[in-house]
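In our numbering, the protein residues as written are -19 to 133. Some notes on the structure that comes next.
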């Protein structure tokens, strides 16, 4: 029954395919039937958002054991993009995947607290020691197995 499925909004940009986020998605998917959406909120550069979705969605779908909807925000403010997503659909939880505190604009702007004001539980995930470049290489290998990614990636 679709109404019994938990709905999770994953908010990420450069960390959309990090092992810690994939582990969290896998954990939620194993706990109970869950539907996931990935929101790349501050998609001022639509090409970058498309690239993030293209690389991250296959890895997230494998972790989720099913399809993951890809969403992009129209605002430069991630709070506005999340507010729009929450207004369009119901979510039981929001996962914010962001860079570590010393480099994260989202954490400096207190994004988790601002989003928690929407009344939806928020979980914050920051990547562990694995470098983002390594994760991108892994994602490219999944997307383009046995081949190099197209020029420009």
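The beta-carbon is built from N, C-alpha and C at its ideal position, and this holds for glycine as well.
For residue i, collect the residues of the same chain with a Cβ closer than 6 Å to its Cβ; drop the 5 residues on either side in sequence, then sort them by chain order.
| i | result |
| --- | --- |
| residue 103 | 75 |
| residue 98 | 66 |
| residue 101 | 73 |
| residue 48 | 16, 18, 37, 40, 41 |
| residue 9 | 44, 45 |
| residue 61 | 21, 53, 55 |
Only counting the same chain, and skipping five residues up and downstream in sequence, which positions put a Cβ closer than 7 Å to that of residue i?
| i | result |
| --- | --- |
| residue 32 | -7, -4, 20 |
| residue 59 | 91, 94, 95 |
| residue 6 | 43 |
For the alpha helix (DSSP H) containing residue i, list its first residue and its last residue.
| i | result |
| --- | --- |
| residue 94 | 91 to 96 |
| residue 85 | 85 to 88 |
How should residue i be labelled, buried or exposed, when 16 other C-beta atoms within 10 angstroms of its C-beta is the threshold for buried?
| i | result |
| --- | --- |
| residue 53 | buried |
| residue 83 | exposed |
Quickly, what does DSSP pair residue i with across the bridge? List them, please.
| i | result |
| --- | --- |
| residue 73 | -12 |
Among the residues of its own chain, which have a CB less than 8 Å from the CB of residue i, if the five just before and after it don't count?
| i | result |
| --- | --- |
| residue 64 | 53, 54, 55 |
What are the boundary residues of the beta strand (DSSP E) that includes residue i?
| i | result |
| --- | --- |
| residue 105 | 102 to 105 |
Note to self: Give the list of continuous alpha helix (DSSP H) stretches no shorter than 4 residues that lie fully inside the region -19 to 65.
What the structure shows: -1 to 11, 26 to 44
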